Each structure stands twice: as C-alpha cells, then as structure tokens.
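See below for the structure under consideration.
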C-alpha cells in the first residue's frame, strides 16, 4: 500500500500525543499534590516529579533563555511540518513510525507550551544521588524516533546504497 508509511506514521504520532497528554494531565491532577518538585517515589530508581521546563530537551536553555515559549513552539511547528512532508514522501513503514514518534512528541510539547507556557516533565530516573534530567512521554517519543532514524540511516531503508566496483 503506497500510503502505508503515512497512515502508520500518523497513527504513531496520534498514539504518542494522546499518551503524552493523558499522562501529563494525570500527573497534574492526581499524583503531584505535594509542592512542585517534591518527588513521589515509585521504585529505588524512578520517581515522579513536577518540573516546568521552559527550555528545550532535558531543560537545556531553560535557566536564562530569552526565547519565549511561543518562539520555541514556532520552531517545533516548522520541524513538524518538515517531518510530515518527509513522512508523506516515505516508502518505508519503519521510517513512518520513526517520524511519527518525533512528530507526536513535538506536538505534545508544543501543546504544553501553548497551554502552560512551559513543558510538563515528570519522569525522574536516578541512581543514588545522580538524576537524569526530568522528561516526559513526548521526550521519549522524540528520543526513540531520532535513534530509530539514525539506525535506519545506517542499516535500514534509508541507508545510502553501497557502490561496488565490478572486477
């Protein structure tokens, strides 16, 4: 089916977007009634925390950023449009999934910026006192999608054709 990568990509984007927004709303509504930043311990290495990320991935540019939330949102929307064009042109279902993961995650974080002026991050992995920066389902989708694109570019459907010389 010619449009299978697009259909699969859009379904993946929708699934990531819904999972992201539902989990963020659950965290905001039910789990985090303690003060902002107070962790809810789930395991010895995983907490739920509430972090308002005004920067980009993993809080970069968050502290002293002069870029307003709408500016980051516009950049994300431009990237989403480019990825959707790529998805439409794709002939690989795997590529459709990878792009869908990124698109769904990007839209999820844009929705947060529009509604809250910042992205809701809540997953806190840690080992002892060392903590990975808080993140969310959208960030996970983006990260897995980018990793998938990288692996696909090396070994999959988008890998450059190997030119072999005839002897």
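In the working numbering, the protein residues as written are 27 to 193.
Note that CB positions come from ideal geometry on N, CA and C, so glycine has one too.
Everything numeric in this text was worked out from a predicted model, so none of it was measured.
For residue j and residue i, the rounded distance between their alpha carbons
| i | j | result |
| --- | --- | --- |
| residue 37 | residue 164 | 15 Å |
| residue 35 | residue 46 | 16 Å |
| residue 42 | residue 143 | 21 Å |
| residue 181 | residue 122 | 16 Å |
| residue 120 | residue 31 | 7 Å |
| residue 111 | residue 166 | 22 Å |
| residue 152 | residue 66 | 13 Å |
| residue 101 | residue 69 | 36 Å |
Span of the alpha helix (DSSP H) around residue i
| i | result |
| --- | --- |
| residue 170 | 163-181 |
| residue 33 | 30-52 |
Buried/exposed call for residue i, threshold 16 Cβ in 10 Å
| i | result |
| --- | --- |
| residue 140 | exposed |
| residue 156 | exposed |
| residue 132 | buried |
| residue 128 | buried |
| residue 117 | exposed |
| residue 55 | exposed |
| residue 176 | exposed |
| residue 48 | exposed |
heavy atom of the ligand MG below 7 Å from residue i C-beta
| i | result |
| --- | --- |
| residue 180 | In the structure on display, the ligand MG does not appear, and there are no ligands present to speak of. |
Among the options, nearest to residue i - alpha-carbon criterion
| i | options | result |
| --- | --- | --- |
| residue 160 | 136, 74 and 134 | 74 |
| residue 158 | 109, 77 and 105 | 77 |
| residue 106 | 171, 28, 178 and 145 | 171 |
Start and end residues, beta strand (DSSP E) containing residue i
| i | result |
| --- | --- |
| residue 150 | 145-153 |
| residue 78 | 72-79 |
**Report entry** alpha helix (DSSP H) segments (min. 4 residues) lying fully within the segment 93-136
**Finding:** If we require 4 residues or more, the alpha helix (DSSP H) runs fully inside the segment 93-136 come out as 95-115.
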